[in-house]
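Residue numbers (UniProt numbering): 1 to 422. Heads up, the beta-carbon is just placed ideally off N, CA and C, and yes, glycines get one too. First up is the structure itself, then whatever we jot down about it.
This is how it looks when you write it as structure tokens:
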């Protein structure tokens, strides 16, 4: 059976054990081979290492798929199985010992986000539709959130924001399997948290429903006379306002954006490693925007676009130019890798401070394609530098900006959030 055939079988009734999964996917995701060597805290995971836990989670998931979750079929079933396989893939990269209340514990901080970022450029190597890739990444990156929301003071906005990152029902079933697939003393209380999560998800309109689509429908008659970008401006402010609790109805976004919705600048922030297609995308768009390129400013200051000298001076000049453009209402493309959240946030916050419509264009392509494209560039980045880029990459989420667009190496749109017409 080929890998493609094996993946197709996951949509039907295939129930492969962990060893079969590793056989077909281990050559793409090498960390699968490290699960046996990744310990877990014996109090929280009495079953043992991450390999044993993942094996048990898959077994519990198949029980659910044959019973309470039997209605989940096709691509959703495929995504759920792969999400279970990869849900702790970030633990080999993050496991460590830490003293908690004077007791040495084994922890894996941020393993969810680390795992999702690790998979970003590997999943496109596999014969999967993009909707499945996005759901698998969401399951891996957000699988801790259902329980977390229940033990903290959550809001409806937390659920609405989460629903843009992952299918709420799928992450619920994954976490039920995740809890049943371990040995610990508080399983009953943890499963109760998940049932509460399901109840709140239903109350807030995200269980098997698209709340954001209903918001679009509510705004449709009020925005019909506006330009496409102006509609996006109002709608994206409605989404962020509702998710953050700044407004209580989507109609309030019409009032709070009234003064600026026809006279705002646009800031487009690119996000992707060298060779992922950023410069090609800019040329393809043919936009009459001011491009602020950190490489060009490095060339201007250092005489070499590849030089990392005077980094502070380069960034200061770039930010000054960005502010000057936005102040004048000039549309801007910020052309840099923007791999880390903290770097992106600085730029995006400037755009928001100047009341710009901020769009994040995320470039996602197969790892091998990016490496090949980089080597073909006139100014290729050294392999060591590219490896550091992959290692430092932090996957962006839709709540970072107004509009969020994922494209492949050819510039084709894979997914959008924050657009009135998605």
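Let me know if residue i comes out buried or exposed under the rule of 16 or more other beta-carbons within 10 Å of its beta-carbon.
| i | result |
| --- | --- |
| residue 4 | exposed |
| residue 108 | buried |
| residue 13 | exposed |
| residue 202 | exposed |
| residue 232 | buried |
| residue 116 | buried |
| residue 402 | buried |
| residue 96 | exposed |
| residue 73 | exposed |
| residue 382 | exposed |
| residue 42 | exposed |
| residue 313 | exposed |
| residue 51 | buried |
| residue 406 | buried |
| residue 316 | exposed |
| residue 311 | exposed |
| residue 419 | buried |
| residue 76 | buried |
| residue 287 | exposed |
| residue 219 | buried |
| residue 368 | exposed |
| residue 258 | exposed |
Using alpha carbons as the reference points, say which of the options lies closest to residue i.
| i | options | result |
| --- | --- | --- |
| residue 194 | 201, 180 and 147 | 147 |
| residue 105 | 260, 137, 135 and 44 | 44 |
| residue 269 | 363, 389, 120 and 21 | 363 |
| residue 323 | 266, 187, 162 and 133 | 266 |
| residue 347 | 369, 329, 276 and 320 | 320 |
| residue 156 | 123, 35 and 212 | 212 |
| residue 81 | 140, 111 and 34 | 140 |
| residue 261 | 239, 355, 277 and 300 | 355 |
| residue 136 | 280, 418, 85 and 93 | 85 |
| residue 379 | 340, 275, 369 and 410 | 275 |
| residue 221 | 240, 250, 239 and 11 | 250 |
| residue 256 | 236, 273, 344 and 271 | 236 |
| residue 185 | 47, 37, 327 and 9 | 47 |
| residue 34 | 11, 88 and 79 | 88 |
| residue 54 | 289, 20, 287 and 68 | 20 |
| residue 289 | 16, 390, 400 and 330 | 330 |
| residue 413 | 23, 281 and 68 | 281 |
| residue 204 | 161, 28, 219 and 175 | 161 |
| residue 228 | 421, 7 and 264 | 421 |
| residue 10 | 83, 353 and 279 | 83 |
| residue 92 | 70, 133, 36 and 99 | 36 |
| residue 398 | 411, 415, 200 and 410 | 415 |
| residue 79 | 29, 138 and 353 | 138 |
| residue 344 | 39, 371, 404 and 328 | 404 |
| residue 285 | 368, 102 and 361 | 361 |
| residue 387 | 118, 131 and 258 | 118 |
Residue i bridges to which residues according to DSSP?
| i | result |
| --- | --- |
| residue 72 | For residue 72, which the question treats as bridged, DSSP gives no partner whatsoever. |
| residue 269 | 334 and 360 |
| residue 293 | 335 |
| residue 314 | Bridge partners of residue 314: none, in fact. |
| residue 417 | 404 |
Is there contact between the stretch 204 to 222 and the stretch 162 to 173, where contact requires at least three CB pairs shorter than 8 Å? yes
Stretch pair the stretch 375 to 383 + the stretch 234 to 254: three plus CB contacts closer than 8 Å: At 8 Å Cβ cutoff, the stretches do not touch.
Quick test of the definition: if touching needs 3 or more C-beta pairs under 8 Å, does the stretch 287 to 306 touch the stretch 328 to 340? yes
Can you give, in chain order, each stretch of the alpha helix (DSSP H) that sits fully within the stretch 344 to 404 and has at least 4 residues? 367 to 376 and 383 to 392
Can you check the stretch 146 to 184 for any alpha helix (DSSP H) of at least 4 residues that lies completely inside it and give the ranges in chain order? The stretch 146 to 184 contains, as complete alpha helix (DSSP H) runs of 4+ residues, the segments 156 to 162 and 168 to 180 (chain order).
For the stretch 197 to 283, which segments carrying the alpha helix (DSSP H) assignment without a break, of at least 4 residues, lie completely within its bounds, in sequence order? Listed in chain order, the complete alpha helix (DSSP H) runs (minimum 4 residues) inside the stretch 197 to 283 are 211 to 223, 228 to 244 and 252 to 256.
Could you give the uninterrupted runs of the beta strand (DSSP E) lying entirely in the UniProt domain "HD" (51 to 148), keeping only those of 3 residues or more? 96 to 100 and 103 to 107
Segment contact flag, the stretch 181 to 188 with the stretch 47 to 63, C-beta cutoff 8 Å, min 3 pairs: yes
Runs of 4 residues minimum, wholly inside the stretch 27 to 52: which ones carry the alpha helix (DSSP H) assignment? none
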